[in-house]
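In our numbering, the protein residues as written are 1 to 62.
Scroll down for the structure; my scribbles are underneath it.
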Amino acid sequence: MAIAPKRKISKARRDKRRSNVWKLDPPAFSKCSNCGELKSPHKVCAACGYYKGVEVIKKDNE
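Structural data, given as structure tokens:
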């Protein structure tokens, strides 16, 4: 036995749900200027510890 909807969904509400505006964008990545590894923009590189050409975090190269 199928249950019928209690109220009609308006066209505006239905179309808002189907639109692509609210969907999330994939995260942005940029190349590290020091090592070339992909990293989040405006953040210290996790691989080498550099930010804008300056060593911020001391990393041991293995």
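From the three backbone atoms N, C-alpha and C, an ideal C-beta is built for every residue, glycine too.
It should be emphasised that the depicted structure is a prediction, and the values quoted were computed from it without experimental measurement.
Check	Outcome
7 Å Cβ cutoff met for Ser33 and Gly53	yes
Alpha-carbon spacing of Tyr51 relative to Lys58, whole angstroms	12 Å
For Lys77: DSSP bridge partner residues	Given a span of 1 to 62 for the chain in the structure shown, any question on residue 77 remains unanswerable.
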